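Residue 106 in full-length UniProt numbering sits at position 106 of the sequence shown, with consecutive numbering throughout.
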Amino acid sequence: MGVAKGNIQYPPLQLIALTIIMGGVLGMITVQLKKEAIAIDLTEEVNKALVFSGLPLVNVSFEGRDGIVSGVLTKEAQPSQIIEAVSAVDGVRYVDNQLVINEVKPVVFEEDILEGVEDVDFENGLYVPRREHPLEKYSLDKVKFAYSQLTLSEEALPVLDRLAKILAQNSQIHLEISVHTDNQSTALGQIASSQSRADNIRYYLIEKGVTPAQLLAKGYGASRPIAANDTPEGQEKNRRVEIRVLKDR
């Protein structure tokens with residue numbers, strides 16, 4: 001019951017306190033939602049900026065307007081230009097550079113290894129993987145990436161660890177790691193993101209003991225769909241990682 005003073009009724013103190021607390025909580029929720037929306041928008045704008053600048057994609061995360069840029073790159077990737085491009089995006093306040101330079105030297109592959117890379121089959125506009133070698137049947141369905149990131153999912157690591165062990169024990173095998181996307185962005189963005197992800201898988205396998213000369217990383221973007229891109233199910237199938245044996249002798 002309210003407290004009466006003369007003819008005026010005042011609400012109980014508990015109700016006033018609850019109203020203040022609820023207002024504060026709602027305010028905090030609103031602020032957090034705005035920060036998350038800003039972070040999502042900035043991440044998308046940063047990825048666009050990197051693609052349009054011809055720079056490789058990296059892991060980008062934001063807390064409000066403050067960003068963290070991470071990933072493994074070669075010296076040729078010009079990490080300083082990546083940081084400059086991210087910092088130049090409108091709305092970015094601060095960028096924490098956590099990029100790591102990988103000292104793995106580029107590998108020059110023998111011509112006989114590369115001869116069959118572009119020899120592919122299509123039926124009714126869809127790419128048909130050959131999978132003639134037993135290793136090509138090794139399932140990489142669990143090798144996924146976080147949205148708009150290079151970060152491998154936790155469930156991908158055991159799959160890649162086993163692949164690394166197989167390759168380390170069979171140094172005569174050379175293979176192509178290919179990453180594919182759906183058609184939900186520009187062709188340039190599809191190629192850039194898939195190539196960066198393929199490179200990231202290659203770096204991971206090398207860290208696990210695979211000889212660099214055994215691995216060729218290739219991002220094909222949306223150029224090799226295995227399903228129609230007009231349904232979410234088809235798009236999910238097209239977002240995939242494949243391996244193709246180039247040499248086993």
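Note that CB positions come from ideal geometry on N, CA and C, so glycine has one too.
None of these values were measured; they are calculated from a predicted model.
- If one requires a minimum length of 3 residues, the beta strand (DSSP E) runs lying completely within the region 192 to 225 are 215 to 221, in chain order.
- Taking a cut-off of 8 Å for Cβ pairs, the region 88 to 100 and the region 174 to 194 do not touch, as fewer than three such pairs fall below it.
- Take residue 98, set aside five residues on each side of it, and the residues of its chain with a beta-carbon closer than 7 Å to its own are 68, 69, 70, in chain order.
- Residue 228 holds the alpha-carbon nearest to the alpha-carbon of residue 123 among 228, 41, 240.
- Counting other Cβ atoms within 10 Å of its Cβ, residue 161 stays below 16 and is therefore classed as exposed.
- At a Cβ-Cβ threshold of 8 Å, residue 178 and residue 221 do not count as neighbours.
- Following the DSSP letters along the chain, one finds residue 63 inside the beta strand (DSSP E) bounded by residues 59 to 63.
- In the structure shown, residue 97 falls within a strand segment according to DSSP collapsed to helix, strand and coil.
- Going by beta carbons, residue 249 and residue 172 fall inside the 8 Å limit.
- Collapsing the DSSP output to three states places residue 80 in a helix.
- The beta carbons of residue 164 and residue 142 sit no closer together than 8 Å.
- Residue 67 carries a strand assignment under DSSP once its states are collapsed to helix, strand and coil.
- CA-to-CA, the gap between residue 49 and residue 102 works out to about 23 Å.
- Excluding five sequence positions before and after residue 159, the CB atoms of its chain that fall closer than 8 Å to its own CB belong to 139, 140, 142, 143, given in chain order.
- Counting along the chain, residue 162 sits inside the alpha helix (DSSP H) bounded by residues 156 to 169.
- For the set 56, 100, 73, the Cα lying nearest the Cα of residue 85 is the one of 56.
- Here residue 247 carries a strand assignment [DSSP, helix/strand/coil].
- In the DSSP assignment, residue 176 falls within the unbroken beta strand (DSSP E) covering 173 to 180.
- According to the DSSP secondary-structure assignment, residue 150 is paired through a beta bridge with no residue.
- A Cβ-Cβ contact shorter than 8 Å links residue 136 with residue 245.
- Non-local C-beta neighbours of residue 214 in its own chain, meaning closer than 8 Å and more than five positions away in sequence, comprise 167, 171, 173, 174, 175, ordered along the chain.
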